[in-house]
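Number of protein chains: 2
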Amino acid sequence: MEEGTSKEPSHSCCTEDAFQWDTREDCDVRQILDRIGDKWSLLVIALLDNRCMRFTELKKTIDGISQRMLTVTLRQLERDGLVSRTVYPVVPPRVDYELTPLGVTLHATIQSLVTWTETHQTEIATARARYDAQVTV
Amino acid sequence: MEEGTSKEPSHSCCTEDAFQWDTREDCDVRQILDRIGDKWSLLVIALLDNRCMRFTELKKTIDGISQRMLTVTLRQLERDGLVSRTVYPVVPPRVDYELTPLGVTLHATIQSLVTWTETHQTEIATARARYDAQVTV
DNA sequence: ATTCATGGTTACCTCTTGTAACTAACCCCA
DNA sequence: TGGGGTTAGTTACAAGAGGTAACCATGAAT
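As you go down the protein sequences, you meet chains L and E in turn.
Going by the numbering used here, the first sequence opens with residue 28, and the numbers climb by one from there.
Going by the numbering used here, the second sequence opens with residue 28, and the numbers climb by one from there.
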């Protein structure tokens, strides 16, 4: 709306010496955030809440995930020690997925993320509508 | 290691009636998680901690982000009402990005995610090493 | 003999993301 | 007067992640 009105930059709010964590692409934190911040891992961890789930159960529950991406995502989470995979040698096959103790500690903070989105979804929807209305003028 | 040993599935741990939130692909929570859980938004929000930053400052700070993806990510965050964009009509241009009040509330939970990764990075590195060793046998 | 169920894998195609070059606007400096 | 520098972008194209659909193995049930 009134973007770029003629106030001068104040320079007062910027470059305060806030704590700056490591953002290098190859650092551990980034590599873990990349895993958490991929398309499906958040969902999987959020769903494995205090219980194990079978492959097909996860697939049915997570709307839109493909069989391939569920396999890939679960393998990555297993590799990171966040999810355990238990194969029972029965026919038809049965594979249970469950959060590890480490995964449980992550679940808590991810749950708070989900809760945040639930709490603020209308605010975001409003913001989006306002932005879109402004742009399409 | 001892995957698929001959224990029978107990059926005891599964399908407890845990609270099941909406995972439909088109629901608000999913759409917001998709934004938060993309490749760069988490990083941007985490960095905009109590201060505004200029475009180039963000670009220099976030290792590996391209100019294009920074633009795209910031526009999406602006659209969602999480980040505000202030253009000063000076030459060379100056654009400040800052968390909105809504963005600040999200920053808190994202910060806890970053803290989690910092706390558990060695555990994850260990798990990865163990997994990789097992697989390459 | 055929069908069904589960938990995958594979080949292929599409859509998102990354790369690199280009632009606009004005200042500085010789 | 004109060449170079600055910032915040945009654009065209290449690379990589993700989606789609078909296939496999196993044995039980019909």
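A virtual CB, placed ideally from N, CA and C, is assigned to each residue, including glycine.
All values derive from a computational prediction rather than experimental measurement.
Residue nearest to residue i in terms of C-alpha spacing, selected from the options
i        : options                              : result
L:ARG106 : L:GLN94, L:PRO119, L:TYR124          : L:TYR124
L:MET136 : L:ASP76, L:GLN58, L:CYS54            : Residue 136 of chain L is actually Thr in this sequence, not Met. For the residues L:ASP76, L:GLN58, L:CYS54, the minimum Cα distance to L:THR136 belongs to L:ASP76.
E:LEU140 : L:HIS147, L:ASP53, L:GLY64           : L:GLY64
L:CYS54  : E:ASP90, E:THR50, E:VAL117, E:TRP143 : E:ASP90
E:HIS147 : L:THR132, L:GLN138, L:GLU84          : L:THR132
7 Å Cβ shell around residue i - same chain, five flanking residues per side excluded
i        : result
L:ILE92  : TRP67, LYS86
E:TYR115 : ARG121
L:THR100 : TRP67, SER68, VAL71
Residue i Cβ short of 7 Å to the ligand ZN heavy atom set
i        : result
E:HIS147 : No copy of the ligand ZN appears in this structure; indeed no ligand is present at all.
Sequence-distant residues of its chain with Cβ nearer than 8 Å to residue i (five each side left out)
i        : result
L:HIS134 : ILE72, ALA73, LEU75, ASP76, LEU126
L:THR88  : LEU74, MET80
E:GLU43  : Because the pLDDT of E:GLU43 is 49, which lies under 50, any placement of that residue in the model is unreliable, and the question is left without a value.
E:THR163 : none
For residue j and residue i, the rounded distance between their alpha carbons
i        : j        : result
E:GLN104 : L:ARG62  : Per the sequence shown, residue 104 of chain E should be read as Leu rather than Gln. So the alpha carbons of these two residues sit roughly 21 Å apart.
E:THR176 : L:LEU60  : A query on residue 176 of chain E cannot be resolved here, the shown segment of chain E reaching from 28 to 164 and no further.
L:ARG51  : E:LEU69  : 14 Å
L:GLU145 : E:ASP49  : 10 Å
L:HIS118 : L:PHE82  : Looking at the sequence itself, residue 118 of chain L is Val, so the reference to His does not match. About 14 Å.
L:ALA156 : L:THR149 : 10 Å
E:TRP143 : E:GLN58  : 24 Å
L:LEU165 : L:GLN138 : One cannot answer for residue 165 of chain L here, as it falls past the ends of chain L, which runs 28 to 164.
E:ALA152 : L:TYR158 : 42 Å
E:GLN161 : E:VAL56  : 37 Å
L:GLU84  : L:ARG95  : 15 Å
L:HIS38  : E:ARG78  : Because the pLDDT of L:HIS38 is 47, which lies under 50, any placement of that residue in the model is unreliable, and the number read from its coordinates should be weighed accordingly. Whole-angstrom Cα-Cα distance: 11 Å.
E:ARG102 : L:ARG102 : 33 Å
L:ALA154 : E:ALA154 : 41 Å
Cβ-based neighbour list, residue i, same chain, cut-off 6 Å, excluding 5 preceding and 5 following
i        : result
L:SER111 : GLU125, THR127
E:GLY130 : LEU109, VAL110
Terminal residues of the beta strand (DSSP E) in which residue i lies
i        : result
L:VAL122 : 121-126
Residue i - containing alpha helix (DSSP H), residue span
i        : result
L:VAL110 : Element bounds for L:VAL110: not the alpha helix (DSSP H) but the beta strand (DSSP E), 110-115.
E:THR100 : 94-106
E:THR88  : 82-88
E:ARG62  : 55-63
E:VAL71  : 68-74
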